[in-house]
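There are 2 protein chains.
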Amino acid sequence: MADPRPIGVFDSGVGGLTVLREILRRSPAESTLYVGDNARAPYGVRPDEEVVAFSRQALDVLAASDVKAIVVACNTVSAVALGEHRRRYDVPILGVIRPGATAAALATRSRRVGVIATPATVRSHAYFAAIKDENPAIEVYEHATPALVPLVEAGELRGPLAEQTVADALAPLLGSRDANGEFIFPLPPSAKVDTLLLGCTHYPLLRSVIQSIAGQRVAIVDSATATASALAELLSINGLEAPRTTRAPADDAGQAEHSRAGETIGPVTHRQMTTGDVGAFRALAERLFGDAVADVESLDLAVAR
Amino acid sequence: MADPRPIGVFDSGVGGLTVLREILRRSPAESTLYVGDNARAPYGVRPDEEVVAFSRQALDVLAASDVKAIVVACNTVSAVALGEHRRRYDVPILGVIRPGATAAALATRSRRVGVIATPATVRSHAYFAAIKDENPAIEVYEHATPALVPLVEAGELRGPLAEQTVADALAPLLGSRDANGEFIFPLPPSAKVDTLLLGCTHYPLLRSVIQSIAGQRVAIVDSATATASALAELLSINGLEAPRTTRAPADDAGQAEHSRAGETIGPVTHRQMTTGDVGAFRALAERLFGDAVADVESLDLAVAR
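Order-wise, the sequence lines are chains A and B.
According to our numbering, the first sequence is numbered sequentially starting from 1.
According to our numbering, the second sequence is numbered sequentially starting from 1001.
Written as structure tokens, this is what we have:
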């Protein structure tokens, strides 16, 4: 039942690399193929028809590469085009919205969840609807935080500028602090969320700043982690996991393979493709993730497939 | 892509009805077929070979009934036989352990999770392993609470006896309360869990008592809710959801069909089968769940197929 084929991951830009990172952490035996449509990012400002058409071109590339599952690591595409893509392709397709919404619904104790996302994602109310699907009793406060993506892409992931920008962005949701450090709420007290869902793939890179601003009483939930968990479960249920062999006790040949819990996993490959500038993608990815994305290939979606 | 076939739900007894209840709540358009092997319950005291063989007989019945997915709502079978069953059947099979473990890993803020379950489930350490799979940094405290299933089956779901039994059962995990109502911990302070996973399908029936004993600061996570969410996501990803048609504005013919968010869903059927006494199953199910299980059929697994 083991299946060595790669998992396809698609995003309009580099933000989906946070999802890729969680997939690698959660499922180290899996190979991956990442497509970023950086030349046409961001998708959030485009009409739905373009979002469907552009993402279909990218998914055509992944499907033609014989991936065993596709993760749409893009909130806009997850909100707008998932149903259509699922009807078109035989391969199982995960979005990031449902797993994130499920995680937030599970994490909240007070049944008050805040969602921060780009203006386009907030306008779609996709997280609102998905959380209500999980539990209609949960109050959902969506809030657009347009300043955070530019902050991340500028590499400002910590320090005074990041802290001030995040504090300003979260103030309408969390309230302002008074002299004693307690929050003063411009919203009714019912808006005092105990769970904050990071509804944009860029935001996990600001997680530690967001946690410090929100305080330890607020659970920070991100779609990247939840989607990686959902993918692991999907692979298990559908019998699509990469092959693993139990390591023989005498086998200490020191192969350059990953190992976990006494198992040996096969050779793993990770490829990244971008429609944008390869050097810029690599530079940004390496600044955000270290040296995890050494090989970046160029892709022309307009002529691809 | 819509698929009207039922979802199969299997448990060794009636506990899986808590999972069925959550499936009905989360996915009201879906039909279900429940098989309880009450004649041979509980499975927790049986050798693995019997657990595999008995549950295979039940899953053979479900597979022969053309179910589109199977939920193994039994912790023992989920721990012991899931991989083998997934290799045997073409239909996707969900267990309750992974969804519950994922939910607990997402819900904890302090990274300290308590798991209460039957002695057999605790001995298997299946929840421990599954939570560590999600996040190795989480400390997992497993605790057997054998008094709770008899309490539920006696219908003692609230009141002084239930409260005292639950308090005694949870004391080693949560500590005892001092005169001020604060917990005194017999375990090291690190055992102060902030999330309690109900690792037995009977326990959600004691949820309100457990929550009142544990206090509002402890998140109560149950596998039933998490499994119903995972099933909804699986049906969506694999294109297996039951058909829904958008209700036409003029269609106010008052059909006896469920509706949600302006949609009409097709006729839904729910069947329950037990290998045990039909009257006893119905009586217990109705005491626990109201009138949701009017029709209970008899099933002989030894000769079934």
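A virtual CB, placed ideally from N, CA and C, is assigned to each residue, including glycine.
Simplified DSSP assignment, three categories, for residue i
i, result
"Pro6 of chain A", "coil"
"Leu52 of chain A", "The displayed chain sequence assigns Val, not Leu, to residue 52 of chain A. DSSP places Val52 of chain A in helix when its eight states are reduced to three."
"Gly239 of chain A", "coil"
"Arg1244 of chain B", "strand"
"Leu301 of chain A", "coil"
"Ala253 of chain A", "A caution first: Ala253 of chain A carries a pLDDT of 39, below 50, which makes its placement in the model too unreliable to give a value."
"Leu1157 of chain B", "coil"
"Thr201 of chain A", "coil"
"Asp60 of chain A", "helix"
"Asp1277 of chain B", "coil"
"Ala1147 of chain B", "coil"
"Asp11 of chain A", "strand"
"Val1193 of chain B", "coil"
"Val1067 of chain B", "coil"
"Val296 of chain A", "strand"
"Arg46 of chain A", "coil"
"Pro1267 of chain B", "coil"
"Ala41 of chain A", "coil"
"Ala29 of chain A", "coil"
8 Å contact criterion, which residue i and residue j should meet: CB distance rounded
i, j, result
"Leu1284 of chain B", "Val1014 of chain B", "5 Å"
"Tyr1203 of chain B", "Leu1148 of chain B", "6 Å"
"Val1019 of chain B", "Ala1224 of chain B", "4 Å"
"Glu1134 of chain B", "Ser229 of chain A", "6 Å"
"Glu142 of chain A", "Ala117 of chain A", "7 Å"
"Ile1007 of chain B", "Val1077 of chain B", "Wrong, their Cβ atoms sit about 16 Å apart, outside the cutoff."
"Ile1138 of chain B", "Arg1109 of chain B", "Their Cβ separation, rounded to whole angstroms, is 11 Å, which puts Ile1138 of chain B and Arg1109 of chain B out of contact at 8 Å."
"Phe289 of chain A", "Arg21 of chain A", "6 Å"
"Asp1003 of chain B", "Leu1240 of chain B", "5 Å"
Reference residue i; option with closest CA among the options
i, options, result
"Ala107 of chain A", "B:Val1045, B:Phe1128, B:Thr1195, B:Gly1095", "B:Thr1195"
"Asp1300 of chain B", "B:Ser1124, B:Phe1128, B:Ala1058, B:Ser1223", "B:Ala1058"
"Ile1023 of chain B", "B:Glu1134, B:Gly1279, B:Asp1295, B:Ala1242", "B:Ala1242"
"Ile97 of chain A", "A:Ser110, A:Val91, A:Gly83, A:Arg87", "A:Gly83"
"Tyr1034 of chain B", "B:Asp1011, B:Arg1026, B:Asp1048", "B:Asp1011"
"Gly1215 of chain B", "B:Ala1224, B:Leu1240, B:Ala1167", "B:Ala1167"
"Asp295 of chain A", "A:Gln272, A:Ala169, A:Glu30, A:Ala63", "A:Gln272"
"His270 of chain A", "A:Gly16, A:Thr32, A:Val9", "A:Thr32"
"Arg40 of chain A", "A:Arg25, A:Asp277, A:Ile93", "A:Asp277"
"Leu205 of chain A", "A:Ala232, A:Gly16, A:Arg46", "A:Gly16"
"Gly1036 of chain B", "B:Ser1055, B:Arg1046, B:Gly1290", "B:Ser1055"
"Val209 of chain A", "A:Pro160, A:Ile93, A:Asn38", "A:Pro160"
"Ala232 of chain A", "B:Pro1047, B:Val1009, B:Pro1099", "B:Pro1099"
"Asp1307 of chain B", "B:Arg1217, B:Glu1156, B:Ala1120", "Past the boundaries of the shown model lies residue 1307 of chain B; chain B is included only from 1001 to 1305, so the question cannot be answered."
"Arg217 of chain A", "A:Phe128, A:Tyr127, A:Lys192", "A:Lys192"
"Tyr127 of chain A", "A:Val91, A:Val61, A:Cys200", "A:Cys200"
"Ala1130 of chain B", "B:Arg1087, B:Gly1266, B:Glu1156, B:Ala1079", "B:Ala1079"
Extent of the continuous alpha helix (DSSP H) run through residue i
i, result
"Val140 of chain A", "Premise fails: Val140 of chain A lies in the beta strand (DSSP E), 139–144, not in any alpha helix (DSSP H)."
"Asp222 of chain A", "From DSSP, Asp222 of chain A is part of no alpha helix (DSSP H) but of the beta strand (DSSP E) over 219–222."
"Ala1130 of chain B", "1126–1134"
"Gln211 of chain A", "207–214"
Segment limits, beta strand (DSSP E) that includes residue i
i, result
"Tyr34 of chain A", "32–36"
"Thr18 of chain A", "No beta strand (DSSP E) holds Thr18 of chain A; the alpha helix (DSSP H) holding it covers 17–26."
"Arg271 of chain A", "270–274"
Beta-carbon neighbours of residue i, restricted to chain E and to distances below 9 Å
i, result
"Asn75 of chain A", "No chain E is present in this structure, whose protein chains are A and B."
Margin query: Give the list of continuous alpha helix (DSSP H) stretches no shorter than 4 residues that lie fully inside the stretch 1072–1120 of chain B.
Written below: Taking only runs of at least 4 residues, the alpha helix (DSSP H) segments lying wholly in the stretch 1072–1120 of chain B are 1075–1080, 1082–1088, 1097–1107.
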